[in-house]
Each structure stands twice: as C-alpha cells, then as structure tokens.
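The listed protein sequences correspond, in order, to chains R and B. Read in the numbering used here, the first sequence has 322 at position 322, and its numbers run on one by one without any break. Position in the second sequence counted from 1, then plus 1000, gives you the numbering used here. All residues carry an ideal CB built from backbone N, CA and C; glycine is no exception.
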Amino acid sequence: MILSVRDFAIGFQREGQNLVAVDGISFDVEAGETFVIIGESGSGKSLTGMSIAGLQPPTAFVSGSIRFKDREMLNRPDAELRKLRGPEIGLIYQDPLSSLNPVWPVGDQIAETLTAHGLADRAEANKRAVEMLERVRIPDPRRVASAYPHEISGGMRQRAMIAMALAANPSLLIADEPTTALDVTIKAQILELLADLKRELALTIILITHDMGVVAEVADRILVLYAGRIAEIGPADSIMLQPSHPYTAALMTSAMISQTPAKQELNAIVGGAPGLGAFPAGCRFHPRCPRAQDDCNTVEPPRRKFGAVELACHHPIEVAMSLQVARS
Amino acid sequence: MALLELDAVSKTFSQRRGGRAVQAVAGVSLAVGKGETLGLVGESGCGKSTLARLALKLVDVTDGRVRFDGVDVTGLTGRRMLPIRRRLQAVFQDPLASLNARMTIAEVMREPFDTHGVKLGAGLEARIRELLSFVGLENIDIQKLPGQFSGGQLQRIAIVRALALEPEIIVADEPTSALDPSIQAQIVNLMLQIQRKRGISYLIISHDLDVIGHVADRIAVMYLGTIIEQGTADEIMQRPLHPYTQALLSAAPTLAARRQVGWKRIMLSGDPPNPADVPSGCRFHPRCHLARDICRTNVPPLRAMPGTGQMVACHLAPDETARAGAEVGRDRRGLPLAG
Chain R
1 MILSVRDFAI
11 GFQREGQNLV
21 AVDGISFDVE
31 AGETFVIIGE
41 SGSGKSLTGM
51 SIAGLQPPTA
61 FVSGSIRFKD
71 REMLNRPDAE
81 LRKLRGPEIG
91 LIYQDPLSSL
101 NPVWPVGDQI
111 AETLTAHGLA
121 DRAEANKRAV
131 EMLERVRIPD
141 PRRVASAYPH
151 EISGGMRQRA
161 MIAMALAANP
171 SLLIADEPTT
181 ALDVTIKAQI
191 LELLADLKRE
201 LALTIILITH
211 DMGVVAEVAD
221 RILVLYAGRI
231 AEIGPADSIM
241 LQPSHPYTAA
251 LMTSAMISQT
261 PAKQELNAIV
271 GGAPGLGAFP
281 AGCRFHPRCP
291 RAQDDCNTVE
301 PPRRKFGAVE
311 LACHHPIEVA
321 MSLQVARS
Chain B
1001 MALLELDAVS
1011 KTFSQRRGGR
1021 AVQAVAGVSL
1031 AVGKGETLGL
1041 VGESGCGKST
1051 LARLALKLVD
1061 VTDGRVRFDG
1071 VDVTGLTGRR
1081 MLPIRRRLQA
1091 VFQDPLASLN
1101 ARMTIAEVMR
1111 EPFDTHGVKL
1121 GAGLEARIRE
1131 LLSFVGLENI
1141 DIQKLPGQFS
1151 GGQLQRIAIV
1161 RALALEPEII
1171 VADEPTSALD
1181 PSIQAQIVNL
1191 MLQIQRKRGI
1201 SYLIISHDLD
1211 VIGHVADRIA
1221 VMYLGTIIEQ
1231 GTADEIMQRP
1241 LHPYTQALLS
1251 AAPTLAARRQ
1261 VGWKRIMLSG
1271 DPPNPADVPS
1281 GCRFHPRCHL
1291 ARDICRTNVP
1301 PLRAMPGTGQ
1311 MVACHLAPDE
1321 TARAGAEVGR
1331 DRRGLPLAG
C-alpha cells in the first residue's frame, strides 16, 4: 500500500460558517495500480487529489489523515512537502499552460525539477530533460527542449508536462483531468503514453476525471465521489459493468450511449449535483435518486460491503439487474 | 427540399500584416432536411465552428451560397435577415458565456420577443413561464442573474430561449461538451423530446461521437476544412469507411471496449493539422497509415460508395477500408467477435 487516507475532511470558512467540501472519506491506494477518482463538479475529487500532494488551498481546514509511504501529509510543513513533490509525487493537470512557465524554455523547466532537488547539476539536468522528452515520445526532443510552451502544440505541451512531472522519478503520479481539454485522437495518444510510462517506470497513478471513456480504458479500481462522500468504491470491472449504487449506474449511462438504441431517451437522473453548503440530509444523492425511499431522506447510509464493492446506499441495485442494464 | 443548405461554402480569414490567409472552410456542401438531425463531427481547428457560424449567417461566406427553405440568403443582412433568423436559432457550448451575465433570466427570455417585435403584452410572462416549464424549470426565480444557476440549468435556459419563437431549425455548437456527464444525458434527452414534439431540425456540431451517433440521422465528418465522409448515422457509426473517421471512432474508448479482451485502437500519429499549412493531395495523408503516392499528390473527391448513399473522400475506400470500418463499428457496439 502506497497511500492510506482515513476520515479525510476538507472545508472552508465562509461568512462564519464551516462549509465541508469533502466529508470524512477513507480509502487505500495499492502500489502499481491505476486508481481513478470519479466525480462531477463539486464532488471534491480535485480537492482530494491535491490534498494528497499537500496542495490544498491555504484557506482550507483539514482533518483526518493522509499517509503516503508512511509519512503523514496533512499539516506537514511546506518545505518538507516541496521536497516530496517531484522526487516522490508527480502532478499533471488539465491545462498544461497553467503549470508551464510561459517565459521559460520547456527543457529548462524540466531540468529545474532536478536541480531544485539537488538530483543533478545543470549540465546533467539538461541532458536528462531531453531524455525525458524523448521518453514521452516527443519526436524532436532537442528542438522542443529549447522551445517556449506557446511554440508547441497542445498535445506536445501535455507530453512536456508529463515529462516534467516524471523527471525526478516519482513513484506516484496524480493526474487531474489530464485529457479533458484534448481532442479525441490526442487524448488517445496521451492515455496510451500514460499506460506505457506506468509500466516502464513502475508508477502508481491516481487519476481524477469525469470522463467515463477514460475511466473505462485505464482504471484498475474506482472511487466514486458524490457531494463530498464516497458513493461506491471497488474493482473497475464491477463498478463499470455492474454498478450497484444508483448514482454510479447513472454515470455509466453516459458511457453507454453507443449501446442505447439511437434516438432513444437515455437513462438520465434528474437535477444537478448540490453545491458546497447545500448538501442534502440523509443520503446526499436522495433528491436525484430513482430508488430513494423514506429512509434515504433522513438516514445517512453507512459504508458497507456489497458483493465485490463497498458502497453507501440503503437500496443498491442487485447485480442481476445491473447486468441487464449493462447489456441493454 | 432541404431546409438549410450550404452549397460549396468557403471561408478564408486573412491574417493581419501580410500573414498567410487561412482557409477555415474549403468548399463544403451540406443540407439539413425538415425534421432531420445532421451531426457534424471533427476535432479542434477542423472548421466545424466556423461552418456553424456560416450556417447561422454570423459570418459571411468567402465563396458559395447559403439557402434557407429554398431562398438564397447569402447576401441578406440586418433587417432583411431578421425573418430568417427567427426560423433559425443557435445554442452554444458555454451557456454562461452566451447569455448576457447582467440580464436577469426574465430579460434574457424576453429578448427574442423584443428583437423580433413579437408583442404578447401581459401574456409574455405566462409564455416565458410556459417555456421554462417545458424544460423542467417552472420553479426558478426569473429575477436572478445567469451566474446564480448551474451549467445544466443555464443550458436548458439557452435551449428554451432558442425555442421561444418556434424556429424550424436549431444550430447547436457543442451543446453538451461543457456539462457534467449526468447533465449531458438530460440535455440529450431534452433535445430528443423537443424534436419529437415539434418536428424541429438540428444541425449539431460536436467532437463527441457518442452524442452525435445517438441523436443524428445523418453524420458528416470534417477534417481540415473539408467534409471527408458523410452518411446515415448507422453507416458512419457501424461501417465508417474513411481512415480518419475510423480513427476518431476508435480513439474514444467505450465501456463495450473494456469488455473485450484484445481490443486495440487505431492510433493516429502526429498533431491535428494546421489550417494555415494544408498538406498536398489528401489533407489527411500525413497521419494516415494507408497513405501512398496517389494520396500525396491527388485530392480525393467526396464520392458515393457503390450501392449506398455513403460519401467518402478517400482514394482507397471502400476496397481497402471496409474491413477495418466494420471492426471499429463492432468494437463500439461490444458485440461478440464474429468468426
């Protein structure tokens, strides 16, 4: 086990009120797996991912525990967290332009992650930067190393950011919506690259996304977050092909359009996800849930084992039924 | 007769200070019939949004004709275009950006009636309420500003605002792309319901093949300013014949693919092309695994495939592409492998 999250909560003070965004979640990530956190806007998925790297917003209050390789990450001094980001934890984001410095050549930025941690001198770091660009399958690594971010294409920038995140050889890569802004053919290239790198570098990957197509392709295990709580967690095949939580089932509909007869209405859920500070009582999903009963309105469902997964739902979908859904 | 017809339209943008001219749309012909949904698919920079703007007459064509219900509207502007605009409405990707942030929802909804001089007097508010209830928003406070609503609610407002004057066609540019997955399904359903109840036509532009494949009757695939394949939704989704369409369909993984051991995608190398630097011959040849000499020198015409209405601009279709196309279609549907 490389990461252990226990009763993790994060929130913000607004107008004297404590608004809890992620409310006491626990999960483990095993070394070498691709662990996917799925959720929609406001689910807390990015806050969770960033907190693992010690990058939660400075105004947030946190509680619980995030242990990465037996080090507590919450409330760890910034200087120590910085030492871990790069050599231990690499990060990539949706928009490479926001994490690459626009006035600095790409190669220098990759080299900087090595020199800043004292892992190489300038000359060695520059050489490694070009090697990393080659490793992320950039066809002309020397030219790209001396280019500025705006001079290369979006797909190339995404590759350069991955090179930067992996230059110091971390064991964990946190990827927050890494393909969301990309065209489908470029998205396919980046997913394939991540899969290859994971194998070559023995990486553990935590992927945060709302794109079910991406999840279908890469996930080993899945955590489904809804309104700051865990809806369902378990092996990817169980979650994707036989979802038990009604919310997971609804999410998967979007990835099953190709299996729904053309022009037929999709199995959509009503409403939208609740915003911060407006989480409903009982099961947070109950106002949108087609299976909700009286107990759902008042009693928060405890997390429990259900077949191959763990979920928080009073009235989960039985396996036989969900299989039928998956095949319809 | 087609309701909306683009006849060999082109759009060239000239760059300032002697830069090269960029031809965003290069001789595209498309027609949307009454009650029909035409899906237009392509990646960034292929010209699909420019094509939407040409169809909406938000920009003028450099060449070609735009016809609406048989009438040539290419040269119509201002007041003379107004009666056509009433019948031809638009929905865009980001509802927060397309609705005026400083107008209340009541004002946003009143605007089309004012623009077109439709005077309902005291009945206006009731009409607005009726419209909003059609998209499940009967209980919202219409004195609020757009910023106070969620993305899904705003896209409903944008759609129902486009419907306010009962247009015959809606041009929708990426209507679901900015939305969360559970909201996307709601908007897809809403658009299907509207069509069923009102017989409206759609021109839907998207990079999301799943959505297009689900809602469209016919699909056109765009690459670097040109249409490279066109056919019924079934033809394109189940038997794509252009190598680019095949790569597009294969690139987006589906749950069905996950269930298949040995599923492998057709991977395109390289970046999406630059409209300022169009390759010779077939525009797709630098990224095509089938490319050979003829592809580098001769522009493939969009031609009908034997025995179907499917149109493909590829020298090698269907003989060398049909098999791969059938495999791509089958993988997406997740059917068992045929022997």
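C-beta neighbour in chain B for residue i, strict 8 Å
i, result
"residue 132/R", "no"
"residue 140/R", "no"
"residue 196/R", "no"
"residue 308/R", "no"
"residue 240/R", "yes"
"residue 292/R", "no"
"residue 317/R", "no"
"residue 252/R", "yes"
"residue 210/R", "yes"
"residue 147/R", "no"
"residue 175/R", "no"
"residue 111/R", "no"
Whether residue i touches residue j by CB criterion (8 Å)
i, j, result
"residue 1095/B", "residue 1006/B", "no"
"residue 119/R", "residue 109/R", "no"
"residue 142/R", "residue 159/R", "no"
"residue 178/R", "residue 102/R", "no"
"residue 216/R", "residue 1185/B", "no"
"residue 1245/B", "residue 1028/B", "no"
"residue 330/R", "residue 250/R", "Since the displayed chain R opens at 1 and closes at 328, residue 330/R lies outside it and no answer follows."
"residue 306/R", "residue 228/R", "no"
"residue 1160/B", "residue 1132/B", "yes"
"residue 1228/B", "residue 1242/B", "yes"
"residue 1224/B", "residue 1275/B", "yes"
"residue 107/R", "residue 126/R", "yes"
"residue 1205/B", "residue 1040/B", "yes"
"residue 292/R", "residue 42/R", "no"
"residue 1032/B", "residue 1201/B", "yes"
Chain-order list of residues whose beta-carbon lies under 8 Å from that of residue i (same chain, five-residue window excluded)
i, result
"residue 231/R", "224, 225, 245, 247, 248, 285, 311, 312, 313"
"residue 271/R", "287, 288"
"residue 1322/B", "1239, 1241"
"residue 1144/B", "1104, 1105"
Neighbouring residues, chain R, relative to residue i (Cβ below 7 Å)
i, result
"residue 1189/B", "265, 266, 268"
"residue 1183/B", "272"
"residue 1044/B", "183"
Beta carbon proximity, residue i to chain R, threshold 8 Å
i, result
"residue 1310/B", "no"
"residue 1007/B", "no"
"residue 1224/B", "no"
"residue 1337/B", "Model confidence at residue 1337/B stands at a pLDDT of 33, short of 50, so the residue's coordinates are unreliable; what they give is reported in the following sentence. Answer no: the Cβ-Cβ gap between residue 1337/B and chain R never drops below 8 Å."
"residue 1214/B", "yes"
"residue 1078/B", "no"
"residue 1150/B", "yes"
"residue 1094/B", "no"
"residue 1003/B", "no"
"residue 1155/B", "no"
"residue 1246/B", "no"
Neighbourhood of residue i by C-beta distance below 6 Å, restricted to the same chain and skipping five residues each side
i, result
"residue 1063/B", "1010"
"residue 92/R", "161, 162, 165, 175, 178"
"residue 1176/B", "1184, 1187, 1211"
"residue 1238/B", "1329"
"residue 1297/B", "1281"
Under 7 Å by beta carbon: chain B residues contacting residue i
i, result
"residue 153/R", "1271"
Residues that residue i contacts on chain R, provided the C-beta gap is smaller than 8 Å
i, result
"residue 1333/B", "258, 259"
Sequence-distant residues of its chain with Cβ nearer than 7 Å to residue i (five each side left out)
i, result
"residue 1056/B", "1088, 1090, 1171"
"residue 301/R", "283, 312, 313, 314"
"residue 1286/B", "1270, 1279"
"residue 1339/B", "Summary for residue 1339/B: the model assigns pLDDT 28, below 50, so the residue's position carries little reliability, and this model does not support an answer."
"residue 53/R", "85, 89, 91, 174"
"residue 6/R", "26, 64, 65"
"residue 32/R", "202, 204"
Neighbour list for residue i in chain R, Cβ cutoff strictly below 9 Å
i, result
"residue 1267/B", "185, 188, 189, 192"
Partner residues on chain B for residue i, Cβ-Cβ distance less than 9 Å
i, result
"residue 245/R", "Under the 9 Å cutoff, chain B gives no residues; its nearest Cβ is about 13 Å from residue 245/R."
"residue 314/R", "Ordered by position in chain B, no residue passes the 9 Å Cβ test against residue 314/R, which lies about 20 Å from the chain."
Under 8 Å from the C-beta of residue i: neighbouring residues of chain B
i, result
"residue 41/R", "1151, 1180"
Three Cβ pairs or more, each shorter than 8 Å: is that satisfied between the stretch 76-90 of chain R and the stretch 156-172 of chain R? Verdict: yes, contact present.
With three or more C-beta pairs closer than 8 Å as the rule, is the stretch 50-62 of chain R touching the stretch 74-81 of chain R? Contact between the stretch 74-81 of chain R and the stretch 50-62 of chain R is present, because at least three Cβ pairs lie under 8 Å.
Between the stretch 1202-1214 of chain B and the stretch 1233-1252 of chain B, are three or more C-beta pairs nearer than 8 Å? Three or more Cβ pairs closer than 8 Å define a contact, and the stretch 1202-1214 of chain B meets that threshold against the stretch 1233-1252 of chain B.
Counting Cβ pairs closer than 8 Å, one from the stretch 1309-1326 of chain B and one from the stretch 1060-1078 of chain B, do we hit at least three? no
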